[in-house]
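**Student:**
There are 4 protein chains.
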Amino acid sequence: MSDELRFPTGIGDSDADHITVLGKDLAGELMGRVGFGELAFWLVAGRRPTPGETRVFEAVLVALADHGFTPTAIAARLTYLSAPDSVQGALAAGLLGGGSRFLGVTEDCGRFLADAIAAHDGPPPADDAGWDALALAAVTAARRERRLIPGLGHPVHKVEDPRTPVLLRIAEEEGLRGPHLRLFEAIGRVHPQVLGRKLPLNGAGVCGAALADLGLPVDLLRGFALLARTAGLLGHLAEERRRPIGMDVYLTVDRNTAYEPDEG
Amino acid sequence: MSDELRFPTGIGDSDADHITVLGKDLAGELMGRVGFGELAFWLVAGRRPTPGETRVFEAVLVALADHGFTPTAIAARLTYLSAPDSVQGALAAGLLGGGSRFLGVTEDCGRFLADAIAAHDGPPPADDAGWDALALAAVTAARRERRLIPGLGHPVHKVEDPRTPVLLRIAEEEGLRGPHLRLFEAIGRVHPQVLGRKLPLNGAGVCGAALADLGLPVDLLRGFALLARTAGLLGHLAEERRRPIGMDVYLTVDRNTAYEPDEG
Amino acid sequence: MSDELRFPTGIGDSDADHITVLGKDLAGELMGRVGFGELAFWLVAGRRPTPGETRVFEAVLVALADHGFTPTAIAARLTYLSAPDSVQGALAAGLLGGGSRFLGVTEDCGRFLADAIAAHDGPPPADDAGWDALALAAVTAARRERRLIPGLGHPVHKVEDPRTPVLLRIAEEEGLRGPHLRLFEAIGRVHPQVLGRKLPLNGAGVCGAALADLGLPVDLLRGFALLARTAGLLGHLAEERRRPIGMDVYLTVDRNTAYEPDEG
Amino acid sequence: MSDELRFPTGIGDSDADHITVLGKDLAGELMGRVGFGELAFWLVAGRRPTPGETRVFEAVLVALADHGFTPTAIAARLTYLSAPDSVQGALAAGLLGGGSRFLGVTEDCGRFLADAIAAHDGPPPADDAGWDALALAAVTAARRERRLIPGLGHPVHKVEDPRTPVLLRIAEEEGLRGPHLRLFEAIGRVHPQVLGRKLPLNGAGVCGAALADLGLPVDLLRGFALLARTAGLLGHLAEERRRPIGMDVYLTVDRNTAYEPDEG
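Below is the structure:
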């Protein structure tokens, strides 16, 4: 049947005595020698990251792991309250909020930057002035088409998102401040000329730029935000077991429910 | 209103200029300084792991990250095929298979070992003979009640699961071969006397024992298998984009569908 | 290849000109002639329900469709807030709360009754006295083993759950007040002798008894609660679009968050 | 606190003696008197459908309930295989495939038709010639912008989708063949002039047109496909318990896995 049916994969394989992951012997070459973040990068990119790439990548995962009581964390805790027998269900419920609005910025920003770079003819800019010109063109075009510029502005961090300068510094230290991060910085410099006010470069956006500079697939950047968030959600479920708030959230809504006809 | 309503959390907090995670300044103290696996442990346990604990913990995550085309990986790829616009949905679908049968062994084994240790009166055994006696009692009781002993046996690795000796060695190197791992090894020695045949100690089981020795909550051990699997599922989705198999899986089923009445 | 590979199903089939569902021509024999609830019963049971069975079945679905702002409805609305691009994700998040605690009673009650009837030797009781004796034995055994009796008690309806007498009446009208419902009623009569106080027979429980009397598989009764709840969740998502509360729920939690270290 | 906090809803409410759903007494006015499909329409639209609207609506749900071994049905069965303890997880996994590709056509078609009607100035066309002109403009514009016309074509039903004429006839019988269905029919007549070949009007598309003519919110049409599919998925899970195919699907993939490096 193998002539007819073939399901190729480069991820994993095993026989009676060995388990191969990414072409390496899982037990002999990976366990205890490769970090979890390093393996996650490797699994998606199909190549092992350098130590510098790993440091930037893990800094991004750490930056995105948790934001306290987000709607997704609350949804996960409410689901755990309703179905404590299914940890996987509570985690999944929390991840399902990782869509366009709350976790999408990382991917949207990476894509916005990648598209602007792809649209640029000739060699990449050699200096900040060149990046500023590219940024100005991209922001002006987005403004003209009434599109939001992803990565600009934050509801809480109105002046500066503390994650942004730190991730830029880490990328610089590792020699990984590439075109996406440079363009993102340039957008931070030039957007007031177009938008008429200065907005901070937010953490989700700088993470998207950094992931794109690591050569990770732009269409899956949201996936890394989801991986990071999985750790945060596990933290919320562990805390929900020790100090539950799900029932209080439910009762708060229930006690303040106002029945009002809604004719649709 | 804060007198009436209080939602306490020790996970995260933020104001205009700072983001606090686990009581640390996210940007200044965590990003670039804490690994992702280390943070995941910290989020769940509420305490920062030592370097040795981190190494064992990440070895477990690496061991559990992927097993090739498992039913959950196939389900995630089929979901991505059907709804490529929702990476979070495909990931969630893959995690939802992380239940009793395929990802549950890690948690079941940790709980089985923890219960056996809790049921043991007096100080923990001082030597292998003592652990063997405890193991014999636990296996005999389970056998009497017709309960499976989680962590024994593997469909592919019939003689030895290559992950087991390696994780035991890593735990030993880090001084973290604790009571759960010792009892698990003892079960490996004594079970043939009770079951009449020798089965291998499987990788999912040794991971559960190691996580329990790290002091992580037994009721959430499945959660770590899910975190590890999230990285593997991302790898599958990335590969599905490059070398899709979902459509072939679907067509293979569709072409070989046999319509047969089923009266229920 | 069909000799080797065969995936049998009695559910659906199609060719260029026909779509067959449950052995009937979908377009010619089902659309416009079979109700949706009737089809759902048929799909699960593998047989077409009678009009009386359909009426009882739909009464159960109507009884279980919505309970206002349950934790699952809130989780679905929060997920829709976070990822409005994925209606399927918000619905799935809401359904994932359909586990042991909030939607499980229907299935647990059906199973409790089925087990008690299966454990009973000889012919089914001929009169209420016989059912009372069977109920007394089941309640006494559960009490002895410190097991809860599913279907007893309700946080809001402390005296009587209004759904219970109505569903009993409908089943009686349709000649479908079978052994599970009779035993459930008997439990309502005898439990005070054992528990020392009178609790109402709740709506989720009577629905489980009615579904079991319809011959539906006890291990899937939760699935009907989930089907019913899918309609309710759609109603919540539609209302969330018209009169959103998700953001207010989130902000209520966020504004009243108290950061407190939690050492785990 | 109710001055500050208010969570309005018109869906459900309850006190010790009553449960109100949509402003009606659930036990006294809905159970046994309202069908499940009727209630689902009412929950979303905020108004009770007429008997004719209910018949068309349930015909749509019946048409969309199942398509045999779709990728989503296979994903649900594989998830049930992996986590048989969580029916809600298997259902949710199946629904998560209800995205842009496999279940999205219903919603996309309804929106395409609604946008074309909204873009049309003046009164709605009085005759087929008028609808043909409107259809020609819409198809030509979509073609110019290289957008697909949702609802055209089907991989299996290459000449005619048997559901389409039947749903049109049912809508006509109930006096509910409105603008969306008329425009959809017109697209069926005129598209060959623009596309150069004749494609069938598919069942998912005609269902979207019919739901839009019922006045249901275009942004939630996918939700009705998901409700319908929930019944189909329950049927698959029930059959999976009686005649499992999940393990065979998994083993078929596993046995034909070809390990091939994939450099990403």
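Chains A, B, C and D supply the protein sequences, listed in that same order.
Count along the first sequence starting at 1, add 448, and that's the number in our numbering.
Count along the second sequence starting at 1, add 448, and that's the number in our numbering.
Count along the third sequence starting at 1, add 448, and that's the number in our numbering.
Count along the fourth sequence starting at 1, add 448, and that's the number in our numbering.
Note that CB positions come from ideal geometry on N, CA and C, so glycine has one too.
Being a predicted model, the structure only gives us computed values, none of them experimental.
How big is the Cα-Cα spacing for residue 632 of chain C and residue 599 of chain C?
**Tutor:** If you number the third sequence from 1, residue 632 of chain C lands on position 184. If you number the third sequence from 1, residue 599 of chain C lands on position 151. Cα to Cα, residue 632 of chain C sits roughly 8 Å from residue 599 of chain C.
**Student:** Is the CB of residue 536 of chain A under 8 Å away from at least one CB in chain D?
**Tutor:** By 1-based counting over the first sequence, the position of residue 536 of chain A is 88. Chain D, which has a Cβ nearer than 8 Å to the Cβ of residue 536 of chain A, makes this yes.
**Student:** For residue 621 of chain C, count neighbouring Cβ atoms within 10 angstroms of its own Cβ and tell me buried if that reaches 16, exposed if not.
**Tutor:** In the third sequence, residue 621 of chain C corresponds to position 173, counting from 1. Under this definition residue 621 of chain C is an exposed residue.
**Student:** So that I know if they touch, is there some Cβ in chain C lying closer than 8 Å to that of residue 710 of chain A?
**Tutor:** As a first step, residue 710 of chain A is located in the first sequence; it is residue number 262 there, counting from the start. For residue 710 of chain A, the answer is yes, since a Cβ of chain C falls inside 8 Å of its Cβ.
**Student:** Excluding sequence positions up to five away, which residues of its chain have a Cβ less than 8 Å from the Cβ of residue 420 of chain C?
**Tutor:** Here chain C has residues from 449 to 712 only, and residue 420 of chain C is not among them.
**Student:** For residue 684 of chain A versus residue 459 of chain B, is the C-beta spacing smaller than 8 Å?
**Tutor:** As a first step, residue 684 of chain A is located in the first sequence; it is residue number 236 there, counting from the start. As a first step, residue 459 of chain B is located in the second sequence; it is residue number 11 there, counting from the start. Their beta carbons are under 8 Å apart, which means residue 684 of chain A touches residue 459 of chain B by this criterion.
**Student:** For the segment 591-636 of chain D, which segments carrying the alpha helix (DSSP H) assignment without a break, of at least 4 residues, lie completely within its bounds, in sequence order?
**Tutor:** As far as the segment 591-636 of chain D is concerned, its whole alpha helix (DSSP H) runs of at least 4 residues are 611-621.
**Student:** Return the bridge partner residues of residue 705 of chain D from the DSSP annotation.
**Tutor:** Working through the fourth sequence from its first residue, we reach residue 705 of chain D at position 257. Paired residues: A/455.
**Student:** What are the boundary residues of the alpha helix (DSSP H) that includes residue 518 of chain B?
**Tutor:** Stepping through the second sequence from its first residue, residue 518 of chain B is reached at position 70. Taken as a continuous stretch (DSSP letters only), residue 518 of chain B belongs to no alpha helix (DSSP H), as it is neither H nor E.
**Student:** Between residue 449 of chain B and chain A, is any beta-carbon pair separated by less than 8 Å?
**Tutor:** Here residue 449 of chain B is taken as the residue at index 1 of the second sequence, counted from 1. Residue placement at residue 449 of chain B cannot be trusted, given a pLDDT of 42 that sits under 50; what the coordinates show is reported in the next sentence. Cβ-Cβ to chain A under 8 Å: no for residue 449 of chain B.
**Student:** Using a Cβ cut-off of 7 Å, pull out every chain D residue sitting near residue 519 of chain B, in sequence order please.
**Tutor:** Taking the second sequence and counting its residues from 1, the one referred to as residue 519 of chain B is at position 71. Here the neighbours are 526, 529, 530, 694 and 698.
**Student:** Compare the C-beta of residue 625 of chain D against all C-beta atoms of chain A and say whether one is closer than 8 Å.
**Tutor:** The residue you call residue 625 of chain D lines up with position 177 of the fourth sequence. Not an interface residue.
**Student:** For residue 460 of chain D, report the span of its beta strand (DSSP E) as first-last.
**Tutor:** As a first step, residue 460 of chain D is located in the fourth sequence; it is residue number 12 there, counting from the start. Segment 460-462, the beta strand (DSSP E) holding residue 460 of chain D.
**Student:** Which of helix, strand or coil does DSSP assign to residue 415 of chain B?
**Tutor:** With chain B covering 449 to 712 only, the question about residue 415 of chain B has no answer from this structure.
**Student:** Would DSSP call residue 551 of chain C helix, strand or coil?
**Tutor:** Position 103 of the third sequence, counted from the first residue, corresponds to residue 551 of chain C. Correct three-state label for residue 551 of chain C: coil.
**Student:** Residue 475 of chain B to residue 671 of chain D, Cα distance in whole Å?
**Tutor:** If you number the second sequence from 1, residue 475 of chain B lands on position 27. If you number the fourth sequence from 1, residue 671 of chain D lands on position 223. So the alpha carbons of these two residues sit roughly 41 Å apart.
**Student:** Quick one, which of A/496, A/507 and A/522 has its alpha-carbon nearest residue 654 of chain A's?
**Tutor:** Position 206 of the first sequence, counting from 1, holds the residue named residue 654 of chain A. It is A/507 whose Cα lies nearest to the Cα of residue 654 of chain A.
**Student:** Could you name the residues of chain A that residue 549 of chain C contacts, counting a contact when the two beta carbons are closer than 9 Å?
**Tutor:** As a working note, residue 549 of chain C is residue 101 in the third sequence. Neighbours of residue 549 of chain C on chain A, chain order: 529, 530, 531, 532 and 533.
**Student:** With residue 468 of chain A as the anchor, note down where its beta strand (DSSP E) starts and where it stops.
**Tutor:** In the first sequence, residue 468 of chain A corresponds to position 20, counting from 1. Unbroken beta strand (DSSP E) run through residue 468 of chain A: 467-469.
**Student:** Would you verify that the beta carbon of residue 562 of chain D is, or is not, closer than 8 Å to some beta carbon of chain C?
**Tutor:** Stepping through the fourth sequence from its first residue, residue 562 of chain D is reached at position 114. Output row for residue 562 of chain D: interface = no.
**Student:** On the DSSP bridge assignment, give the partners of residue 646 of chain B in chain order.
**Tutor:** Along the second sequence, read from residue 1 onward, the residue named residue 646 of chain B stands at position 198. Answer is none; residue 646 of chain B lacks a bridge partner.
**Student:** Closest Cβ-Cβ distance between residue 540 of chain D and chain B: below 8 Å?
**Tutor:** The residue given as residue 540 of chain D occupies position 92 in the fourth sequence. Cβ-Cβ to chain B under 8 Å: yes for residue 540 of chain D.
**Student:** Any idea what DSSP makes of residue 473 of chain C, helix, strand or coil?
**Tutor:** In the third sequence, counting from the first residue as 1, residue 473 of chain C sits at position 25. It is a strand residue.
**Student:** Please confirm whether residue 513 of chain C and residue 677 of chain C have their CB atoms less than 8 Å apart.
**Tutor:** By 1-based counting over the third sequence, the position of residue 513 of chain C is 65. By 1-based counting over the third sequence, the position of residue 677 of chain C is 229. Their beta carbons are under 8 Å apart, which means residue 513 of chain C touches residue 677 of chain C by this criterion.
**Student:** Measuring only the C-alpha atoms, how far is residue 693 of chain A from residue 700 of chain A?
**Tutor:** Here residue 693 of chain A corresponds to residue number 245 of the first sequence, with the count starting at 1. Here residue 700 of chain A corresponds to residue number 252 of the first sequence, with the count starting at 1. Straight-line Cα distance between these residues: approximately 10 Å.
**Student:** So which residues on chain A does residue 701 of chain C lean against when the C-beta distance must stay under 7 Å?
**Tutor:** Against the third sequence, residue 701 of chain C aligns to sequence position 253. Those are 517, 522 and 697, listed as they occur along chain A.
**Student:** Please list the segments of the alpha helix (DSSP H) lying wholly inside the segment 651-700 of chain D, counting only runs of 4 or more residues, in order along the chain.
**Tutor:** Within the segment 651-700 of chain D, the complete alpha helix (DSSP H) runs of at least 4 residues are 651-661 and 669-690.
**Student:** Does the distance from the CB of residue 453 of chain D to the CB of residue 542 of chain D come in under 8 Å?
**Tutor:** To locate residue 453 of chain D, count along the fourth sequence from 1; it is residue 5. To locate residue 542 of chain D, count along the fourth sequence from 1; it is residue 94. Taking 8 Å as the Cβ cut-off, residue 453 of chain D and residue 542 of chain D do not qualify as a contacting pair.
**Student:** Which residues in the same chain have their Cβ closer than 6 Å to the Cβ of residue 757 of chain C, if we skip the five residues on either side of it in sequence?
**Tutor:** In the structure as shown, chain C begins at 449 and stops at 712. Residue 757 of chain C is therefore absent and cannot be evaluated.
**Student:** With a cut-off of 8 Å, does the C-beta of residue 687 of chain D fall near any C-beta of chain B?
**Tutor:** Residue 687 of chain D sits at position 239 when you count from the first residue of the fourth sequence. Yes, residue 687 of chain D counts as interfacial toward chain B.
**Student:** Just mark residue 627 of chain D as buried or exposed, buried being the case when its beta carbon has 16 or more other beta carbons within 10 Å.
**Tutor:** Walking along the fourth sequence from the start, residue 627 of chain D turns up at place 179. Looking at its Cβ environment, which holds 16 or more other Cβ atoms inside 10 Å, residue 627 of chain D is buried.
**Student:** When burial is assigned at 16 or more other CB atoms within 10 Å of the CB, is residue 641 of chain B buried or exposed?
**Tutor:** Mapped onto the second sequence, residue 641 of chain B falls at position 193. The residue is exposed, with fewer than 16 neighbouring Cβ atoms inside 10 Å.
**Student:** The segment 659-679 of chain B: which residues have C-beta closer than 7 Å to a C-beta of chain D, in chain order?
**Tutor:** Cβ contacts with chain D come from no residue of the segment 659-679 of chain B.
**Student:** So with CB distances below 7 Å, who are the chain D contacts of residue 705 of chain B?
**Tutor:** Numbered from its first residue, the second sequence carries residue 705 of chain B at position 257. Here the neighbours are 516 and 517.
**Student:** Give a yes or no on whether 8 Å exceeds the smallest Cβ distance from residue 461 of chain D to chain C.
**Tutor:** To locate residue 461 of chain D, count along the fourth sequence from 1; it is residue 13. For residue 461 of chain D, the answer is yes, since a Cβ of chain C falls inside 8 Å of its Cβ.
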